[in-house]
Amino acid sequence: MELWIWRSTQMPKIPNNKVPMDTVEVPMMKSATDPTVVMRKLPVVLPHRLIPHLLKHNLVVPDFAAIREYWSHMFTHAEWGPEHPLAEQGGNCKHLPVYLYADDVKWTNEEKLTQVSLGLVLDERTHSMTTHFPLWILRE
352 MELWIWRSTQ
362 MPKIPNNKVP
372 MDTVEVPMMK
382 SATDPTVVMR
392 KLPVVLPHRL
402 IPHLLKHNLV
412 VPDFAAIREY
422 WSHMFTHAEW
432 GPEHPLAEQG
442 GNCKHLPVYL
452 YADDVKWTNE
462 EKLTQVSLGL
472 VLDERTHSMT
482 THFPLWILRE
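Going from the sequence shown to the working numbering is simple: count from 1 and add 351.
Following this line, the structure appears as structure tokens:
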């Protein structure tokens, strides 16, 4: 199974790319009106597969100077900074700082959908269609 990332108006001349997807089995109610629990396969994009794909297709171009500055600042000024596992690398840290973002929408009168996305902390683009990369959608 594959997820399509479609071209955005802010990212011209980039072809559609297929992102590798996996599935996980999760217990879910059959529906909002039927509480019977069944196991269903949920499609999911794993971050360790998504980020290399984004880099390979130049959908994300890291600014290593900004990354080093970000981590240096966090290791020095954030309460958790000195204890962070990456703090040992100090000013040489090249790991992309990421965040998770979730949002939900009413699907039916009884149900809603929640989407969990991954974003890059230092991404300066402002259009959410180019900065939030969906990982999974869950029906609640």
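Every residue, glycine too, gets a C-beta built ideally from N, C-alpha and C.
Problem set entry | Residue of Thr477, Asp455, Lys392 minimising C-alpha distance to Pro378 | Taking the first residue of the sequence shown as position 1, residue 378 is located at position 27. Comparing Cα positions, the closest option is Lys392.
Exercise. Any idea what DSSP makes of Gly425, helix, strand or coil?
Worked result: Taking the first residue of the sequence shown as position 1, residue 425 is located at position 74. The question names Gly, but residue 425 in the sequence shown is Met. Three-state result, Met425: helix.
Exercise. Taking buried to mean at least 16 other C-beta atoms within 10 Å of its own C-beta, is His483 buried or exposed?
Worked result: Taking the sequence shown and counting its residues from 1, the one referred to as residue 483 is at position 132. Classification for His483: buried.
For this session: For Arg490, name the three-state secondary structure that DSSP assigns.
Result: As a working note, residue 490 is residue 139 in the sequence shown. Residue state, collapsed to three classes: strand.
Problem set entry | Close Cβ partners of Gly497 (< 7 angstroms) along its chain, the five nearest in sequence each way excluded | Lying outside 352 to 491, the shown extent of the chain, residue 497 is not represented and no answer is given.
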